[in-house]
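Going by UniProt numbering, the final residue of the sequence shown carries number 584, and the count climbs one at a time with no gaps.
Here is the structure we will look at.
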Amino acid sequence: MHVEGVQSLVENQSNAGESGEFEQSASDLFLTQLSVHGVDYFFANGGTDFPPIAEAFARAAETGTAVPRPMVIPHENLAVSMAHGVYMTTGRPQAVMVHVNVGTANTVNAVLNASRDETPVLLFAGRSPYSESGRHGTRTRYIHWAQEMFDQGGMLREAVKWDYELHLPEQAGDMVARAWQVAMTAPRGPVYATLPRDVLADPIRVSRPDAGRRAAPAAPHPQPDDIRTLADWIAGAERPLIVTQGAGRTQAGFDALARLAERFALPVVSFHPRFLNIAADHPMNLGSLPGGLLAQADLVIALDADVPWIPALESPPAGCRVVHVATDPAYTRYPMRSFPADLCVAGETADVLTAVEDLLDRHERLDRKSVAARGEALRVQSQALAGKRVSADAVPSDGRIGPEWLSACIGEAVGPDAIVVNEYPLRLDHCPQTRSGTYFGLSAAGGLGWGLGAALGAKLANPDRLVVATLGDGAYMFANPTASHWVGEAHDLPVLTVVFNNQLYGAVRNATMAMYKTGVAARSGGRMLADLSPSPAFEKLVEASGGVGFRVERPEELRDALRRAVAVVTQERRQALVNVLCDY
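Printed below as a string of structure tokens:
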């Protein structure tokens, strides 16, 4: 925690009395407490409720008080997505503040993403002043009446872990501390508080500006009996399978899974991965589809996996044991989730796997010869899958650019250290990543418009890394590209954006075709309510904010365009966009 913020605030208050007390407003204490709790950035989309916040930031700059860095972000969905991007690459939650009810409404999509992705975001919103006259900060604008709600927090209460309204100015510090503590308690997630303008402007006297500091409780530790049971079942299994979406959320989880899987011949399937869970060249990497491994399994470990398979399409065989491992292995925030569960182990991935590995090391029933034989067979399968990857050198001869080849070309152009933020179209199987923290996928909530904002947040937190956003054309339009590219220029965040442009909403088309393969809608290829043609010249949008755009229509243009775009971002430090017309 940043105690320097408190110390600086105490030292720089010119009106401090002999008692050590000093005058400040609720907004001063609010910002200082954010810094005390390690918040680096304050993503702001303001309104008429923001003057006390603006004044507090100005005072902090004048006095040298430590507060988060204020950043103007011209759309609320973008602001929350940027906070999401910072957290997913650093593990530090960030603050967002928006304008009253209308601003809150624009955050809901991104807050739902954060909620399902167990991402803590400290979301604050203004509120119409309580007072109608007679107080500093009282209602002075026409909209102050119409923007008041009976229950502003009700708009997103289902998506946040906690919500509150600031009633007393001296409570501002404790409110921040409580918000941070709840957000960081496992399973982590976003929180929300409303801040009336007249309360924020109220002066207060504080003798202990750090009194609201809090620690977050540790994640639940796995029970020893559960660890023993899981180790026993792994030792006795002939056809075990690990299915994961989020084991690679942390470096420790990534490393623990790699060790356990290789040492005990446990195949790993990353089904709809949201992180890079296992290296592409790991011998136990069995791709992204449960498929035949699931159909034959006698033990399935759903590891940080809210949906380990689609029951309507496939299931493990009768008699197969199913284990769920997560900080909340029952996923209690999901209204309906009916996967079988023979054992639920609550704990962080790294803690659970490390404890299981320790027991398996000395397990009496583990048949090491059988494990070795299974490992050899799985290595052959893993190598066979790797052999099916499309190579960037395999330029399509039919003149059509497909998502698999485009993904391979992106991997070639950006290299192994780039951070790739994918909102759907990238085929990770064909863009092989090997290092933890190099791949991030859209939250299970599926709220479009996340990817470019998250990439900008990742770039903010990792200024020396190449950050790449891979987006469908629909997702790019949802991302408020004008606002996003303005942020890229205004805050010096050169990101490479690659648009997989097939001129339609693929999810809508694919769902229609799956349900009505021989229906009337199938006659037009399922484009009904999915058609996004004519496609805008997306490459021109980035140019309006000082970036460089490339348009690719033929395969022979692609690799050179990607190389040039990477050079623009890394050497010229300008944002770039490659608009690739795809056929899929």
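Quick reminder that beta carbons are idealized off the backbone N, C-alpha and C, glycines included.
In this text the structure is predicted, and so the values were computed from the model without any measurement.
The stretch 225 to 244 makes no contact with the stretch 399 to 406; the number of CB pairs closer than 8 angstroms stays below 3.
Rounded to whole angstroms, Leu406 and Ala392 show a C-alpha spacing of 8 angstroms. Just so you know, the alpha carbons of Ala60 and Gln24 end up roughly 11 angstroms apart. Between Leu378 and Pro267 the beta-carbon gap is near 5 angstroms, inside 8 angstroms, which marks them as a contact.
Look at Phe550 here: in three-state DSSP terms it is strand.
Annotated as distal: Val98 and Ala54, with beta-carbon spacing of 8 angstroms or more. If you check the CB distance, Leu442 and Gly451 come in under 8 angstroms. Taking a 10 Å sphere around the C-beta of Asn501, we find 16 or more other C-beta atoms and assign the residue as buried. Excluding sequence positions up to five before and after Glu148, its CB lies within less than 7 angstroms of the CB of Ser128, all in the same chain and listed in chain order. A residue is called buried when at least 16 other Cβ atoms come within 10 angstroms of its Cβ; Lys459 meets this threshold and is buried. Residue state for Asn285 is assigned as strand, using DSSP reduced to three classes. Shown here, Gln381 sits in a helix according to DSSP, grouped into three states. By the Cβ-count criterion, Glu314 is exposed, with fewer than 16 other Cβ atoms from all chains shown falling within 10 Å of its own Cβ. Sequence-distant partners of Arg337 (beyond 5 residues in either direction) whose C-beta falls short of 7 angstroms from its own C-beta, in its chain, are Tyr331. With 16 or more other CB atoms across the displayed protein chains lying within 10 angstroms of its CB, Arg274 is buried. Using a 10 angstroms sphere on the CB of Phe150, the tally of other CB atoms stays under 16, which defines it as exposed. Phe339 sits in coil when the DSSP states are folded into three classes, being neither helix nor strand. For His99, DSSP assigns no beta-bridge partner whatsoever. Between the stretch 30 to 39 and the stretch 67 to 75, the count of C-beta pairs closer than 8 angstroms reaches three or more; the two stretches touch. Excluding sequence positions up to five before and after Phe254, its CB lies within less than 6 angstroms of the CB of Gly248 and Ser436, all in the same chain and listed in chain order.
When C-alpha distances from Gly347 are compared across Gln575, Arg188 and Val121, the shortest belongs to Arg188. Here the C-alpha atom of Ala297 lies approximately 38 angstroms from the C-alpha atom of Ala521.
Less than 8 angstroms separates the beta-carbon of Leu466 from that of Val566. Apart from sequence neighbours up to five positions away, the residues of its chain that approach Gly526 with a beta-carbon distance below 6 angstroms are Arg509, Thr512 and Met513, ordered along the chain.
Taking 8 angstroms as the upper bound for CB-CB distance, Ala235 and Leu353 are not in contact here, some 15 angstroms apart.
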